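J.: In terms of the working numbering, the sequence shown opens at residue 2 and continues consecutively. Just dropping this structure here.
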Amino acid sequence: MEGLLGKAVELLHSHTRLRVVRSGLLFPYGDWSTGLLRQIRQVRRDMSLHGDTYARSIGGRSLTEAFGDLSGIDVLLLLGHSGGGMAAVHAAAPLGSLPPGPDVRIVQIGCPRFAIAPELRMRVHYLYAVGRAGGPAKDPICRIGTWGGWERSAHGIPRWNPLKFAPGERTPVPIIGGHADYFRDRAPFRNEAGRTNLDIVSEALLAGLVEDG
């Protein structure tokens with residue numbers, strides 16, 4: 002993840018009008034020194050939260066406490082891998098109420114599925130690993146949980162919408178390997194064109210910002 006942070010800052014400086022004033026690497030559910038079972042329990046708990054209960058998020062609260070003073074920040078870009086992508090959404094929810102509040106953009110990478118609040122959906126870009134030929138996600142973490150919810154059709158008939166709470170943009174990334182390999186930057190995680198997993202992921206996650214810039 003540290004390699005991705007450096008690559009993202011480099012691309013933002015090179016290809017957009019944005020000036021990076023601060024960046025940092027955060028672990029909302031703890032790092033390797035934290036017990037794995039504890040991390041899993043916390044992520045599972047937070048997956049059950051909906052928009053009106055995001056304030057109870059363990060990971061979200063950890064991030065908001067680490068953000069500090071955001072005054073003067075125009076754009077806040079949150080990049081989250083695995084459960085960190087969920088914590089990023091939970092942390093972003095209260096920021097919209099800050100006067101004037103930063104323009105929050107979120108990129109989830111290899112993240113489990115959970116209900117994203119309607120007002121945040123279009124701010125979220127979701128990246129998931131696929132094989133070279135495309136197809137469904139090959140990252141098993143991306144198949145955990147659901148974005149679905151019940152709604153009524155135009156005729157008032159209840160129906161299940163599998164994308165009701167899904168990220169506004171979802172992009173497959175043809176990387177080598179799986180969940181732990183999104184940020185690999187050397188052989189054997191280099192394709193025939195010479196591009197590493199880190200190259201592919203960083204370009205995909207910044208595509209919208211580069212085009213907008």
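Cβ coordinates follow ideal geometry from the N, Cα and C atoms, glycine included. This structure is a prediction, so every number in the text was calculated from the model and none was measured.
Taking Y127 and R171 to be in contact with their CB atoms under 8 Å, please state how far apart those CB atoms are, rounded to whole angstroms.
T.: Translated into the one-based positions of the sequence shown, residue 127 becomes position 126. Translated into the one-based positions of the sequence shown, residue 171 becomes position 170. That belief holds up - the Cβ atoms of Y127 and R171 are roughly 5 Å apart, short of 8 Å.
J.: Can you have a look at A134 and say buried or exposed, based on whether 16 or more other CB atoms are within 10 angstroms of its CB?
T.: Start at 1 with the first residue of the sequence shown, and residue 134 comes out as number 133. By the 10 Å Cβ count, A134 comes out exposed.
J.: From I117 to V131, what does the alpha carbon distance come to, in whole angstroms?
T.: As a first step, residue 117 is located in the sequence shown; it is residue number 116 there, counting from the start. As a first step, residue 131 is located in the sequence shown; it is residue number 130 there, counting from the start. Going by the C-alpha atoms only, they are around 23 Å apart.
J.: Is there contact here, the segment 41–49 with the segment 65–80, by at least three beta-carbon pairs under 8 Å?
T.: no
J.: Is the CB of L12 under 8 Å away from at least one CB in chain C?
T.: Protein chains in the displayed structure number just one, and chain C is not present.
J.: Drop a sphere of 10 angstroms on the beta-carbon of A88, count the other beta-carbons inside from all chains shown, and report buried for 16 or more, exposed for fewer.
T.: The residue given as residue 88 occupies position 87 in the sequence shown. Taking all protein chains shown into account, A88 has 16 or more neighbouring C-beta atoms within 10 Å of its C-beta and is therefore buried.
J.: I'd like to check one pair, A93 with I107: are the Cβ atoms closer than 8 Å?
T.: Position 106 of the sequence shown, counted from the start, is the residue given in the question as residue 107. Position 92 of the sequence shown, counted from the start, is the residue given in the question as residue 93. Going by C-beta atoms, I107 is nearer than 8 Å to A93.
J.: Ordered along the chain, which non-local residues of its own chain (more than five positions away) have a Cβ less than 7 Å from that of S154?
T.: Looking up residue 154 in the sequence shown gives position 153. Same-chain partners within the cutoff: R160.
J.: Skipping 5 residues on each side, what residues in its chain have a beta carbon closer than 7 Å to that of A67?
T.: Translated into the one-based positions of the sequence shown, residue 67 becomes position 66. So the qualifying residues of the chain are L27.
J.: When you compare the CB positions of R185 and L199, do they come within less than 8 Å of one another, or not?
T.: Within the sequence shown, the letter at position 184 stands for residue 185. Within the sequence shown, the letter at position 198 stands for residue 199. Closer than 8 Å, so yes.
J.: Determine the contact status of P29 and G60, defining contact as a CB-CB distance below 8 Å.
T.: On the sequence shown, residue 29 is found 28 positions in, with the first residue counted as 1. On the sequence shown, residue 60 is found 59 positions in, with the first residue counted as 1. Cβ atoms of P29 and G60: closer than 8 Å.
J.: The alpha helix (DSSP H) spanning E204 covers which residue range?
T.: If you number the sequence shown from 1, residue 204 lands on position 203. Here the alpha helix (DSSP H) through E204 covers N198 to L206.
J.: DSSP puts P159 in a beta bridge; with which residues?
T.: Counting from 1 along the sequence shown, the entry for residue 159 is found at position 158. In the DSSP output, where bridge partners are listed per residue, P159 has R153.
J.: With DSSP as the reference, please indicate the residues paired to L96 in a beta bridge.
T.: For the purposes of this step, residue 96 is taken as the residue at position 95 of the sequence shown. In DSSP, L96 forms no bridge with anything.
J.: List the whole-angstrom C-beta distance separating V105 from R122, where the pair is believed to meet the contact cut-off of C-beta under 8 Å.
T.: Along the sequence shown, one-based indexing puts residue 105 at 104. Along the sequence shown, one-based indexing puts residue 122 at 121. Contact between V105 and R122 is absent: CB atoms are separated by about 12 Å, not below the 8 Å threshold.
J.: Under 8 Å by Cβ, that's how I've got G150 and K165 pegged, so tell me the actual separation to the nearest angstrom.
T.: Residue mapping note: residue 150 aligns to position 149 of the sequence shown, counting from 1. Residue mapping note: residue 165 aligns to position 164 of the sequence shown, counting from 1. With a Cβ gap of about 4 Å, G150 and K165 count as contacting.
J.: When we look at the beta-carbon of P113 and count the other beta-carbons within 10 Å, is it buried (16 or more) or exposed?
T.: Taking the first residue of the sequence shown as 1, we reach residue 113 at position 112. Under this definition P113 is a buried residue.
J.: Please work out which residues of its chain come closer than 7 Å, Cβ to Cβ, to E152, disregarding the five sequence neighbours upstream and downstream, and give them in chain order.
T.: Counting from 1 along the sequence shown, the entry for residue 152 is found at position 151. Listed in chain order, the non-local C-beta contacts of E152 below 7 Å within the same chain comprise R160, N162 and K165, local neighbours out to five positions each way being set aside.
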